[in-house]
Amino acid sequence: MVTYRATLRDRIPDEEVPVTQTRPLPRLAIGLALIAVLTMSGCAAPSTSESLATSASSSPSSPTATPTSTAPATDAPVVVEELGRGEQEASVDVEVTGPTQVAFRRITLKPGAGTGLHCHDGQLIAVVEQGTLTHYAPIYPGGVHVYEAGDSIIEGPGYVHEGKNEGTENVVLLVTYVIPDGDPLAETDLTHCDPR
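So for the sequence shown, my numbering puts the first residue at 5; every next one is plus one.
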């Protein structure tokens, strides 16, 4: 069984948070969940613009990681850049049946902009890097929840929702999608979404 636990700054009572039953996951789903979690925690492989040079003094069997916030050029054999970090109170279960695609995006919503109504066929894990996102979805008491920088968002499959930037600065989201292979990352044809 794979269960991830963390804390969320804005507490939502457990009885109001929809929770997926914890169950054994197929090996593929476990691997993809770990990729998503490692990506969100900044433990992903460096981009092609970063150096993976091996210094003469380090052993290939025991590399050291040098975490940085700006990923400057370095002689370290491995460079880790933390892209974002968020907190979540409820357990997180990630499962997608069958062949799966994993995508990672940085999304910027300018003041007054929104994602439009949509749903996902799989799951989404996001961190609010900057700004305040107002999230409209039937899973929240009153149908709305506000996420601030440092919060994380978990979106499950099927339900219609929309994120809006109702503030005065850009909202920047770091988003990992775990979606059935071949499906759109965001489904905008609402007839394919669960009615709620």
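By construction, the Cβ of each residue, glycine as well, lies at the ideal position given by its N, Cα and C atoms.
About 27 angstroms separates the beta carbon of residue 112 from that of residue 185, a gap too long to meet the 8 angstroms contact definition. Residue nearest to residue 158 within the set 102, 139 and 192 is 139 (criterion: CA-CA distance). In this structure, residue 127 lies away from residue 162, with their beta-carbon atoms at least 7 angstroms apart. Residues of the same chain with a CB within less than 8 angstroms of the CB of residue 166, apart from the 5 flanking positions on each side, are 118, 119, 120, 121, 122, 139, 140 and 141 in chain order. Each of 124, 152 and 144 was checked against the Cα of residue 195, and the nearest Cα belongs to 124. In this structure, the CA atom of residue 88 is about 10 angstroms from the CA atom of residue 179. Residue pairing of residue 168 in beta bridges, as defined by DSSP: 118 and 138. In the structure shown, residue 124 adopts coil according to DSSP, grouped into three states. The criterion of a C-beta distance shorter than 7 angstroms is not satisfied by residue 131 and residue 95. Between residue 173 and residue 135 the beta-carbon gap is near 5 angstroms, inside 8 angstroms, which marks them as a contact.
Taking C-beta atoms as the reference points, residue 115 and residue 169 count as a pair closer than 7 angstroms.
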